[in-house]
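Heads up, the thing below is written out as structure tokens.
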Amino acid sequence: ELKVEQNPLFLSMQEGKNYTIYCNYSTTSDRLYWYRQDPGKSLESLFVLLSNGAVKQEGRLMASLDTKARLSTLHITAAVHDLSATYFCAVDTPNDYKLSFGAGTTVTVRA
Amino acid sequence: GAVVSQHPSWVICKSGTSVKIECRSLDFQATTMFWYRQFPKQSLMLMATSNEGSKATYEQGVEKDKFLINHASLTLSTLTVTSAHPEDSSFYICSARVGPRPPSFGAGTRLSVL
């Protein structure tokens, strides 16, 4: 069974500072996704990482994937209030295209 | 592209009644659709996987007779919560994908059973 561990589960950020969310997974997979969820809403796709060493950036968010270490990171640069949300990583189970989700990281950005 | 429409977005029903939720892929034909359930402040829990024209595959612990899934075409899957009870109240999310391509998610359905 593919297990996905995300940490921290809660992250209180100060505006303007940098933070990282970590996503570890237990078995081989080369497809990892990051999503954002606002309260009462569904998932918004942030990044799709499809190969070892993949790095993608969008605004203040940057995601990377190390398939050998089975680790992905979501880095937040100079946090702003608009980034308050819950962030999920998810990993494709090999061969059946099911997604296994991490527990989510609830981010609160304070002034 | 890759838009998934989910309806209704919110439904309230009386205990003992059945509720149907629709999930449509609008601009692509989905080989596989997935149904998730999410409790407040928790992650998404996969309930079942459905492929067009075949029976859904349910995850362990999910009652097949309670959560009926029909996948009649490559663009439509439905989830029917039968004889709903308050403990079935939750946020239900569908997703659809074509093979290994990244999945697209519906907007979710909030079910409240009184």
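Chains H and D, in that order, are what the protein sequence lines are. With the working numbering as the guide, the letters of the first sequence map in order to residues 783 to 893. With the working numbering as the guide, the letters of the second sequence map in order to residues 152 to 265. Even for Gly, the Cβ is constructed at its ideal location relative to N, Cα and C.
Is residue i close to chain H, meaning its C-beta is less than 8 Å from at least one C-beta of that chain?
i, result
"Thr183 (chain D)", "yes"
"Leu197 (chain D)", "yes"
"Gly152 (chain D)", "no"
"Gly204 (chain D)", "no"
"Ser263 (chain D)", "no"
"Ile244 (chain D)", "yes"
"Ser194 (chain D)", "yes"
"Phe218 (chain D)", "no"
"Pro251 (chain D)", "yes"
"Ala258 (chain D)", "yes"
"Thr200 (chain D)", "yes"
Taking a contact to mean a Cβ-Cβ separation below 8 Å, would you say residue i touches residue j in this structure?
i, j, result
"Tyr807 (chain H)", "Val830 (chain H)", "no"
"Ala199 (chain D)", "Ile172 (chain D)", "no"
"Val249 (chain D)", "Ala181 (chain D)", "yes"
"Ser169 (chain D)", "Ser234 (chain D)", "yes"
"Lys880 (chain H)", "Leu197 (chain D)", "yes"
"Glu826 (chain H)", "Arg813 (chain H)", "no"
"Ser846 (chain H)", "Ala836 (chain H)", "yes"
"Leu832 (chain H)", "Leu843 (chain H)", "no"
"Gln189 (chain D)", "Cys245 (chain D)", "no"
"Thr849 (chain H)", "Asn834 (chain H)", "yes"
"Pro254 (chain D)", "Ala247 (chain D)", "yes"
Classify residue i: buried if its beta carbon has 16 or more other beta carbons within 10 angstroms, exposed otherwise.
i, result
"Trp186 (chain D)", "buried"
"Gln788 (chain H)", "buried"
"Ser224 (chain D)", "exposed"
"Ala851 (chain H)", "exposed"
"Arg892 (chain H)", "exposed"
"Phe870 (chain H)", "buried"
"Thr183 (chain D)", "buried"
"Leu791 (chain H)", "exposed"
"Thr260 (chain D)", "buried"
"Asp874 (chain H)", "buried"
"Gly884 (chain H)", "buried"
"His863 (chain H)", "exposed"
"Ser205 (chain D)", "exposed"
Got a sec: is the Cβ-Cβ distance from residue i to anything in chain D below 8 Å?
i, result
"Tyr879 (chain H)", "yes"
"Leu825 (chain H)", "yes"
"Ala893 (chain H)", "no"
"Phe792 (chain H)", "no"
"Tyr815 (chain H)", "yes"
"Val837 (chain H)", "no"
"Ala845 (chain H)", "no"
"Ala867 (chain H)", "no"
"Leu830 (chain H)", "Note that residue 830 (chain H) corresponds to Val in the displayed sequence, not to Leu. Yes, contact with chain D."
Quick test of your reading: residue i and residue j, contact by CB under 8 Å. State the CB separation rounded to the nearest angstrom.
i, j, result
"Ser228 (chain D)", "Ser201 (chain D)", "5 Å"
"Thr902 (chain H)", "Thr868 (chain H)", "What the structure shows of chain H is the stretch from 783 to 893, and residue 902 (chain H) is not part of that stretch, so it cannot be assessed."
"Val154 (chain D)", "Cys174 (chain D)", "Going by Cβ atoms, the distance from Val154 (chain D) to Cys174 (chain D) rounds to 12 Å, so no, they are not a contact pair."
"Val232 (chain D)", "Lys215 (chain D)", "At roughly 12 Å, the Cβ-Cβ gap does not stay under 8 Å, so Val232 (chain D) and Lys215 (chain D) are not in contact."
Exercise for the section: Report yes or no: do three or more beta-carbon pairs, one from the segment 152-165 of chain D and one from the segment 852-864 of chain H, lie closer than 8 Å? Expected result: Too few Cβ pairs lie closer than 8 Å, so no.
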